[in-house]
Amino acid sequence: MARPREFDEEAVLDAAIQCFWNRGFEATSVRDLVEKTGLTSASLYNAFGDKRAFFQKALDRYVEGSIVGRIERCEAMPPRDGIAAFFAEVLARSLADPQHKGCMVVNAALDVAPHDAEFREVVAGVLARIEAFFLDRVEAGQADGTITRSQSAETLAHHLLGVLMGLRVLARVRPEPRLLEGVIAPALALLSPTQGDQAL
């Protein structure tokens, strides 16, 4: 019979998230994880596997707690409001983070995905989930007349995803409110219905 774990797995994963998020996968050592989580290296390996497996579990928890939660909140709003709220929340989190860590998924896209095919698929899947949210909201907005139909829903969703990625990278090195707001504002303005939409 397996012995029950003598630690709080969620608390350990949260500590690992902070470690990987701050340093990135490559720069985080097992010693760093031991210091941050308070577990021995043997306990970490027994509970989570190697560093790569531990990173995967930490990333999954980050996605569920941060990105999926945000999407679910914004999906409950009117379409255009939901998109605006999504960006507003990202902006607020970016500006409130004194360490300027950015997004753990975007960081993984730059740090791990280029040379790890399996992680590339994981990151691509998360980005596809965000894109699907944008697409769903744009389609709903086009249907109720609150979002322009001058461009396809797919094109607008692609654009919003690109704006989000740029915003997350900029926030790491230039976390300036006016700059980041200036990135978001034109993207939201692009969604506004025009007189031409009435003729479509």
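Residue numbers (the UniProt record's numbering): 1 to 200.
Think of the CB as a built atom: it goes at the ideal place given N, C-alpha and C, for glycine as much as any other residue.
{"query": "Per-residue burial, T148 [other beta carbons within 10 Å of its own, 16 or more giving buried]", "result": "buried"}
{"query": "Close-in-space but distant-in-sequence residues of the same chain around L161 (CB under 7 Å, 5 per side omitted)", "result": "L127, I130, E131 and F134"}
{"query": "Status (buried if at least 16 other CB within 10 Å, exposed otherwise) for I145", "result": "In the sequence on display, residue 145 carries Gly and not Ile. It is exposed - the Cβ of G145 has fewer than 16 other Cβ atoms within 10 Å."}
{"query": "Reduced DSSP category for G145 - H, G, I as helix; E, B as strand; rest coil", "result": "coil"}
{"query": "Supposed contact pair V106 and M165 - C-beta distance, whole angstroms, cut 8 Å", "result": "6 Å"}
{"query": "Closest by C-alpha distance to V90, when choosing among D136, I71, V112 and M77", "result": "I71"}
{"query": "For Q18, three-class secondary structure by DSSP", "result": "helix"}
{"query": "Q56 - DSSP class collapsed to helix/strand/coil", "result": "helix"}
{"query": "DSSP three-state assignment for P98, whether helix, strand or coil", "result": "coil"}
{"query": "8 Å CB neighbourhood of residue 210 in its chain, flanking five on each side removed", "result": "Since the first residue of the chain shown is 1 and the last is 200, residue 210 is not available in this structure."}
{"query": "Rounded straight-line distance, which links the Cα of K36 to that of P4", "result": "Unreliable positioning characterises P4 in this predicted model, as indicated by a pLDDT of 42, which lies under 50. A coordinate reading is not provided."}
{"query": "Cα-Cα separation between residue 203 and D8, rounded to whole angstroms", "result": "The requested residue 203 does not occur in the structure, where the chain is confined to residues 1 to 200."}
{"query": "Three-state secondary structure (DSSP) of D8", "result": "coil"}
{"query": "C-beta contact flag for A140 and P79 at 8 Å", "result": "yes"}
{"query": "As assigned by DSSP and simplified to three states, the class of M1", "result": "Low local confidence applies: a pLDDT of 38 at M1 is under 50, so the model's placement there is unreliable, with the coordinate-based value given in what follows. Three-state result, M1: coil."}
{"query": "Buried versus exposed call for A143 [16 or more other C-beta atoms within 10 Å across all chains shown]", "result": "exposed"}
{"query": "Supposed contact pair G49 and D111 - C-beta distance, whole angstroms, cut 8 Å", "result": "Not confirmed; about 19 Å, so no contact."}
{"query": "Residue 201 in three-state terms, based on DSSP", "result": "Within the shown structure, residues of the chain are numbered from 1 to 200, placing residue 201 beyond reach of any answer."}
{"query": "Pairwise C-alpha distance: Q18 and P175", "result": "19 Å"}
{"query": "Among D14, E26 and R31, nearest to S66 - alpha-carbon criterion", "result": "D14"}
{"query": "Minimum C-alpha distance to M59 - residue among R120, V183, L156 and V173", "result": "Checking the sequence, you will find Leu at residue 59 rather than Met. The candidate whose alpha carbon is nearest that of L59 is R120."}
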